[in-house]
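In what follows, a single structure is set out as C-alpha coordinates and then discussed.
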Amino acid sequence: MHKILILLAASAALLSANAFAVDRGELLASSCMSCHGPGGKSKGAIPSLAGLEKGYFVTSMQNFKSGARPASVMHRHAKGYTDAEYALMGEYFSKLK
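Using my numbering, read the sequence shown as starting at 637 and increasing by one per residue.
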(Lines of atoms letter the chains of each structure in order from A and count residues from 1; the text may use other names and numbers.)
(Lines give C-alpha, C1' and ligand atoms only; values in the text may rest on other atoms or scores of the structure.)
Protein backbone atom coordinates (compact mmCIF):
# COMPACT_ATOMS: atom_id res chain seq x y z
CA MET A 1 0.00 0.00 0.00
CA HIS A 2 2.84 2.36 0.88
CA LYS A 3 4.44 1.84 -2.57
CA ILE A 4 1.15 2.65 -4.29
CA LEU A 5 0.83 5.92 -2.36
CA ILE A 6 4.39 6.88 -3.29
CA LEU A 7 3.70 6.06 -6.93
CA LEU A 8 0.50 8.12 -6.89
CA ALA A 9 2.27 11.08 -5.28
CA ALA A 10 5.10 10.93 -7.82
CA SER A 11 2.62 10.73 -10.70
CA ALA A 12 0.68 13.72 -9.39
CA ALA A 13 3.89 15.74 -9.07
CA LEU A 14 4.87 14.97 -12.67
CA LEU A 15 1.43 15.85 -13.97
CA SER A 16 1.29 19.14 -12.08
CA ALA A 17 4.79 20.09 -13.28
CA ASN A 18 3.72 19.49 -16.89
CA ALA A 19 0.53 21.50 -16.39
CA PHE A 20 2.60 24.34 -14.92
CA ALA A 21 4.75 24.48 -18.07
CA VAL A 22 1.68 24.88 -20.28
CA ASP A 23 0.11 27.44 -17.94
CA ARG A 24 3.37 29.38 -17.75
CA GLY A 25 3.56 29.61 -21.54
CA GLU A 26 0.02 30.96 -21.67
CA LEU A 27 0.76 33.36 -18.83
CA LEU A 28 3.87 34.70 -20.55
CA ALA A 29 2.08 34.94 -23.90
CA SER A 30 -0.77 36.93 -22.35
CA SER A 31 1.46 40.01 -22.26
CA CYS A 32 1.64 39.87 -26.08
CA MET A 33 -2.13 40.08 -26.51
CA SER A 34 -2.44 43.82 -25.96
CA CYS A 35 -0.67 44.47 -29.28
CA HIS A 36 -1.03 41.16 -31.16
CA GLY A 37 -4.73 40.71 -30.37
CA PRO A 38 -6.77 38.34 -28.22
CA GLY A 39 -5.62 34.78 -28.76
CA GLY A 40 -2.69 36.12 -30.78
CA LYS A 41 -5.00 37.09 -33.66
CA SER A 42 -4.28 40.65 -34.75
CA LYS A 43 -6.87 42.61 -36.68
CA GLY A 44 -4.50 45.41 -37.63
CA ALA A 45 -1.03 45.99 -39.01
CA ILE A 46 0.70 44.15 -36.16
CA PRO A 47 1.36 40.50 -37.09
CA SER A 48 -0.73 37.69 -35.66
CA LEU A 49 1.09 35.17 -33.49
CA ALA A 50 -1.56 32.43 -33.46
CA GLY A 51 -0.40 29.36 -35.35
CA LEU A 52 3.21 30.47 -35.79
CA GLU A 53 5.73 27.63 -35.85
CA LYS A 54 7.50 27.43 -32.49
CA GLY A 55 11.01 27.58 -33.97
CA TYR A 56 10.15 30.65 -36.03
CA PHE A 57 8.76 32.41 -32.96
CA VAL A 58 11.84 31.59 -30.87
CA THR A 59 14.28 32.65 -33.60
CA SER A 60 12.35 35.87 -34.21
CA MET A 61 12.43 36.76 -30.53
CA GLN A 62 16.15 35.99 -30.29
CA ASN A 63 16.78 38.19 -33.33
CA PHE A 64 14.73 41.03 -31.85
CA LYS A 65 16.69 40.71 -28.62
CA SER A 66 20.10 40.76 -30.33
CA GLY A 67 19.12 43.53 -32.73
CA ALA A 68 19.59 41.29 -35.78
CA ARG A 69 15.95 41.88 -36.71
CA PRO A 70 14.92 45.53 -36.83
CA ALA A 71 11.82 46.59 -34.95
CA SER A 72 10.18 49.63 -33.46
CA VAL A 73 9.43 48.19 -30.01
CA MET A 74 9.95 44.41 -30.12
CA HIS A 75 13.66 44.64 -29.28
CA ARG A 76 12.69 46.19 -25.93
CA HIS A 77 10.04 43.55 -25.20
CA ALA A 78 12.30 40.66 -26.23
CA LYS A 79 15.00 41.66 -23.75
CA GLY A 80 12.62 40.87 -20.90
CA TYR A 81 12.54 37.11 -21.62
CA THR A 82 14.90 34.14 -21.66
CA ASP A 83 15.26 31.58 -24.45
CA ALA A 84 13.36 29.09 -22.27
CA GLU A 85 10.49 31.57 -21.95
CA TYR A 86 10.51 32.15 -25.71
CA ALA A 87 10.13 28.39 -26.13
CA LEU A 88 7.16 28.28 -23.75
CA MET A 89 5.46 31.17 -25.55
CA GLY A 90 6.27 29.67 -28.95
CA GLU A 91 4.73 26.36 -27.90
CA TYR A 92 1.60 28.16 -26.74
CA PHE A 93 1.20 30.25 -29.91
CA SER A 94 1.89 27.28 -32.18
CA LYS A 95 -1.18 25.52 -30.77
CA LEU A 96 -3.54 28.44 -31.40
CA LYS A 97 -5.49 28.50 -34.65
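Quick reminder that beta carbons are idealized off the backbone N, C-alpha and C, glycines included.
**Request:** Over the uninterrupted alpha helix (DSSP H) stretch that includes R712, give me the two end residues.
**Result:** Segment M710 to A714, the alpha helix (DSSP H) holding R712.
**Prompt:** Taking the continuous alpha helix (DSSP H) assigned at L732, which residues delimit it?
**Reply:** No residue range can be given for L732, since it is assigned to no alpha helix (DSSP H) and is classified by DSSP as neither H nor E.
**Item:** Neighbourhood of S730 by C-beta, 8 Å cutoff - its chain only, sequence neighbours within 5 removed
**Value:** Answer for S730: G687, L688, E689, K690 and F693, listed in chain order.
**Message:** With a threshold of 7 Å on Cβ separation, who are the neighbours of L724 within its own chain once the five nearest residues in sequence on each side are excluded?
**Reply:** Within the same chain, A657, R660, G661 and L664 come within 7 Å of L724 by CB-CB distance, once the 5 residues on both sides are set aside.
**Item:** Alpha carbon of R705 to alpha carbon of C668, nearest angstrom
**Value:** One C-alpha to the other measures close to 18 Å.
**Request:** Name the residue from L685, K701 and G680 whose alpha carbon lies nearest to the alpha carbon of K715.
**Result:** Taking K715 as reference, the option from L685, K701 and G680 with the minimal CA-CA separation is K701.
**Message:** Rounding to the nearest angstrom, what Cα-Cα distance links M697 and Y722 in this structure?
**Reply:** Taking the straight line from one Cα to the other gives about 7 Å.
**Message:** Rounding to the nearest angstrom, what Cα-Cα distance links S678 and K733 in this structure?
**Reply:** If I take the Cα positions, the gap works out to 12 Å.
**Message:** So within the segment 654–702, which uninterrupted alpha helix (DSSP H) runs reach at least 4 residues, ignoring any that extend past its ends?
**Reply:** Here the runs fully enclosed are 669–672 and 690–702.
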